[in-house]
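Protein sequence lines correspond, in order, to chains A and B.
Count along the first sequence from 1, add 355, and you get the number used in the numbering used here.
Count along the second sequence from 1, add 355, and you get the number used in the numbering used here.
For every residue, glycine included, the Cβ atom is placed at its ideal position computed from N, Cα and C.
Everything numeric in this text was worked out from a predicted model, so none of it was measured.
Number of protein chains: 2
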Amino acid sequence: MDGEARFDAGETIVPEGEKINYSSLLFAGIACREKINFEGERQIAELQIPGDFIDLHSYPLERLDHTLTALTECKIAKLYHDDIDALIDERPRFARILWFATMTDASIHREWIQNLGTRSGLKRMGHLFCEMYSRMDVVGLVENNSFAFPLTQAQLGEALGFTFVHVNRVVKQLRAAKLADHRDKRVYIEDFERLAEFCGFDPAYLYLTRRER
Amino acid sequence: MDGEARFDAGETIVPEGEKINYSSLLFAGIACREKINFEGERQIAELQIPGDFIDLHSYPLERLDHTLTALTECKIAKLYHDDIDALIDERPRFARILWFATMTDASIHREWIQNLGTRSGLKRMGHLFCEMYSRMDVVGLVENNSFAFPLTQAQLGEALGFTFVHVNRVVKQLRAAKLADHRDKRVYIEDFERLAEFCGFDPAYLYLTRRER
DNA sequence: CGCCTCATTGACCTAGTTCAATTTGGGTGG
DNA sequence: CCACCCAAATTGAACTAGGTCAATGAGGCG
C-alpha cells in the first residue's frame, strides 16, 4: 500500500508478459499503454495521466498483454497485491472501485476503436485532443485552454494509426482551421465546444464525475 | 440470479444510455457491442459468443456507452444487480471473477485497436477470424475447422473499419490465398497455424485458460 | 412473379503512405 | 561563443490501399 517509484521519459514502467506483485497509481507525468507487433510497428492503445490506475490488470491477470511506458518523467505509488487482497476481504465494496477503473479503461478503448474505425484525419486527431483536454481538465491540468502533451508527432501517429508525415500535415490543417494547435509539447484549444462539435466528441464515455464545461 | 430472455437477430439486447438493474450472461447466439456516431456510421467494438458476460458494465457504470445487439437469435441469463451485490458481500472474491471478465474485454479491445491501427486488408480480417476461431474453440463451437459467423459483409466492415465493397474484395483474396474462407454464414480455416502466422496472431491477449491447439 | 437483402464487380477517385530531402532547434564539446 | 550533432519537424513528389459510385447477380420468400 506504500512505496513509490520514479521513471525517466522513455523508460518502461510495466513490461508486457511479466508477473509483478503490485499495481500502480500514476500521480505525476504522462504514460502510455503500447503494443508492438511482429513487424516492430508500435500501437499506443491509451494515454495515461495523473490520477489513473495504470496497471490494475496486473492484479487479476497472470501476465500482461501490453507494456506501460513513461512518455515524460513519471511518478507512481505502488499498491501491493497482497494489500489489495486484504482490503477487498475487509471492505468488499473496495473491489468495485478498482473494477470501475477497469470499466472506464474499456470504455475509452471502445471509443478509440470507433475513432480508428470511423473517423479520419482532422476528426480523428481532434477527437483525441478533446479526450485529453477533458481528462486533464478534471484533474486540474488545463491552463489557459491548453494542456501538456509531450508526444512527438511520431508517437501521436502511433496512437492514431497515421504515419508521422501524415500527422504533420493534419496538425498543420487543424492549426489552419483554428480548431486546435499542437506545438511546444502542448495542445492549445481556443474554442473547445467548437472542436468537440466538429469531431463529434461526447464526453459521456469517460464517465467523469465532475464536469466543469 | 435467475430469469432468461430471448432476442431475435437484429434486436437490441441492452441499449446505450439506459439504466438497467441486471447484467446478462450470453448462453446462446452471437451478439456485438456497437457504437454509432453523429453521421450514423456504426462501429462494432467487440463480438460476443456464448459464455460471455455481455453487459457487466451496466453494473458499476450508471449509464452505458454503447449498445448490445443480437446478430443471431440470442439467449441470455439475467443476473440482477441486487443479487450480485449480495454475492459480493457474502463472498468477496466473487467480485474478482466479474472483474476478470472486464479485464479480458479491455484486453480484446486493445488488440482491436492494434488491429485497426497497424494491420491492413488481409491481415486485419485474418486476425479477427483467428480471434473468433480461438474463442469459439474454447467453448466447443469449432467443427471441422470452421465456426458459425453470421455477419453480413457490411457488418464485417463495421467491425474492421472497411466498406462492404472492400470487405468483399478482401474475403475474395483470403479465399484465393487459401488462408480463410467466409461463406454461408461460416468461417472456414483449413490451416489455423498458417493463418495465425500470416496475421501475427498471438492468443495470449485472450487469456484463455484451456488451449487445445 | 416480384421484391428485397446481400454479394459481386468495374471504373474512377482520394486520403494517407512512401521515399527522400531539407530545415529547425536544443544540447554539447572545444 | 562557435561548430557540430541529433532528434524532431517540415515539405514535395510519386504511389497505393481503400473509398465512392454505379450497375449487375443471386438467393430467399410471400
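The alpha helix (DSSP H) enclosing residue i, as first and last residue numbers
{"i": "residue 468/A", "result": "449-473"}
{"i": "residue 397/B", "result": "From DSSP, residue 397/B is part of no alpha helix (DSSP H) but of the beta strand (DSSP E) over 397-403."}
{"i": "residue 559/A", "result": "Here residue 559/A belongs to no alpha helix (DSSP H), and DSSP marks it neither H nor E."}
{"i": "residue 486/A", "result": "476-493"}
{"i": "residue 513/A", "result": "508-515"}
Endpoints, the beta strand (DSSP E) within which residue i is located
{"i": "residue 377/B", "result": "377-383"}
{"i": "residue 361/B", "result": "359-362"}
{"i": "residue 369/B", "result": "367-369"}
Classification of residue i by the beta-carbon crowding that lies within 10 angstroms, buried from 16 upward
{"i": "residue 499/B", "result": "exposed"}
{"i": "residue 360/B", "result": "exposed"}
{"i": "residue 512/A", "result": "buried"}
{"i": "residue 484/A", "result": "buried"}
{"i": "residue 404/A", "result": "buried"}
{"i": "residue 528/A", "result": "exposed"}
{"i": "residue 567/A", "result": "In this predicted model, residue 567/A has a pLDDT of only 46, less than 50, meaning its place in the structure is not dependable; the value taken from the coordinates is given anyway. Residue 567/A is exposed by the Cβ-count criterion."}
{"i": "residue 393/A", "result": "exposed"}
{"i": "residue 538/B", "result": "exposed"}
{"i": "residue 471/A", "result": "buried"}
{"i": "residue 494/A", "result": "exposed"}
{"i": "residue 401/A", "result": "buried"}
{"i": "residue 481/B", "result": "buried"}
{"i": "residue 384/A", "result": "buried"}
{"i": "residue 363/A", "result": "exposed"}
{"i": "residue 374/A", "result": "exposed"}
{"i": "residue 413/B", "result": "buried"}
{"i": "residue 448/B", "result": "exposed"}
{"i": "residue 443/B", "result": "buried"}
{"i": "residue 390/A", "result": "buried"}
{"i": "residue 452/A", "result": "exposed"}
{"i": "residue 459/B", "result": "buried"}
{"i": "residue 473/A", "result": "buried"}
{"i": "residue 533/B", "result": "exposed"}
{"i": "residue 546/B", "result": "exposed"}
{"i": "residue 548/A", "result": "exposed"}
{"i": "residue 397/B", "result": "buried"}
{"i": "residue 410/B", "result": "buried"}
{"i": "residue 516/A", "result": "buried"}
{"i": "residue 466/A", "result": "buried"}
{"i": "residue 441/B", "result": "exposed"}
{"i": "residue 531/A", "result": "exposed"}
{"i": "residue 415/A", "result": "buried"}
{"i": "residue 475/B", "result": "exposed"}
{"i": "residue 461/B", "result": "buried"}
{"i": "residue 559/B", "result": "exposed"}
{"i": "residue 486/A", "result": "buried"}
{"i": "residue 557/A", "result": "exposed"}
{"i": "residue 372/A", "result": "exposed"}
Opposing strand residues paired with residue i [DSSP bridges]
{"i": "residue 390/B", "result": "398/B"}
{"i": "residue 502/B", "result": "542/B"}
The ligand SAH heavy atom lying under 8 Å from the CB of residue i
{"i": "residue 511/B", "result": "Among the ligands in the structure shown, none appear at all, so the ligand SAH cannot be discussed."}
Output the residue ranges of the alpha helix (DSSP H) runs that lie fully inside the stretch 518-550 of chain A and measure 4 residues or longer, sorted by chain position.
Within the stretch 518-550 of chain A, the complete alpha helix (DSSP H) runs of at least 4 residues are 519-531.
Can you list, in chain order, the stretches of the beta strand (DSSP E) that have 3 or more residues and sit fully within the stretch 404-452 of chain A?
Runs of the beta strand (DSSP E) inside the stretch 404-452 of chain A: 422-425 and 429-435.
Take every Cβ of the stretch 542-549 of chain A, pair it with every Cβ of the stretch 422-435 of chain A, and state whether three or more of those distances are shorter than 8 Å.
no
Stretch-stretch touch, CB-based, cutoff 8 Å, three pairs: the stretch 436-449 of chain B with the stretch 521-541 of chain B:
no
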